[in-house]
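Here my numbering is used: position 10 in the sequence shown is 4, and no number is missing along the way.
So the structure is just underneath, and the comments pick up after that.
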Amino acid sequence: MTVINSIFRIASLVRSAAINRSIPLNFKSSTSIFPQINRLGLQDAGISSPILSAMAFVSRGMKVRSSVKKICDGCSIVKRKGRVYVICSKNPRHKQRQG
């Protein structure tokens, strides 16, 4: 029970400090531990650590080439939305888009 009481005590102290304006209400966005994240505006999107921001930018899509071709026997050529795509069932790294 003492742990729960101490948690409530800390919460009430933080709440009273925020009401007295000792702690700014927008503390999370005004002062950032990671200024590069705040500079990019990622903290407003809910991303608050460099690991999560790196994961947000890393998305392996597809290769964009002027001429696409099959790389293996699992690749198939598909036309969608006026573009030519190569989709591979064996190796997802073979995905290509003509563009």
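Note that CB positions come from ideal geometry on N, CA and C, so glycine has one too.
Boundaries of the beta strand (DSSP E) harbouring Lys73: Cys69 to Arg74, taken from the DSSP string. Here the C-alpha atom of Lys75 lies approximately 58 Å from the C-alpha atom of Ile(-2).
Val78 is bridged by DSSP to Lys73.
For Lys57, the enclosing beta strand (DSSP E) has its first and last residue at Lys57 to Arg59. In this structure Val80 is buried. Its beta-carbon is surrounded by 16 or more other beta-carbon atoms within 10 angstroms. C-alpha of Ile4 to C-alpha of Thr(-4): approximately 12 Å in a straight line.
Distance between Arg59 and Cys82, taken at the CA atoms: about 16 Å. For the pair Lys84 and Lys63, the Cα-to-Cα distance works out to about 15 Å. Within the same chain, Val80, Cys82 and His88 come within 6 Å of Cys69 by CB-CB distance, once the 5 residues on both sides are set aside.
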